[in-house]
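Taking it in order: structure first as structure tokens, then the write-up.
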Amino acid sequence: MQRSLEQRMAIKFCVKLEKNITKTIVHEIVSETLGMRKVCAKLVPKVLTDVQKARRVETCQELLDTCEDNPAFLDDVITGDESC
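FYI, in our numbering the residues of the sequence shown are 64 to 147.
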């Protein structure tokens, strides 16, 4: 567990260090330098239940509140899409 935390911190450090870092470089750091690999992807249902929709709204509101309280919060967020 500790190694995983250290790896995540290293990734965040690299992204903070160079804000224009490309996905290719991040992938190289994660896979070659840190020795990590993608084990499985989480499947997301296409049709959400009302409970799932409500939870997403709550989560989004929490993120918006965090952004309002700390505008630099988004500097630490790493995103991806289906093409990753």
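For each residue, glycine too, the CB sits at the ideal point set by N, CA and C.
His90 has its alpha-carbon roughly 10 Å from the corresponding atom of Ile84. If you draw a straight line from the Cα of Thr96 to the Cα of Asp113, it comes to about 42 Å. In the DSSP annotation of this structure, the continuous segment of the alpha helix (DSSP H) that includes Glu125 starts and ends at Asp113 to Asp132.
Taking a C-beta distance under 8 Å as the contact criterion, Gln70 and Met99 qualify as a contact pair.
According to the DSSP assignment, Ile88 belongs to the alpha helix (DSSP H) that extends over Lys86 to Glu91. Straight across, the Cα-Cα distance linking Glu81 with Ile88 is about 11 Å.
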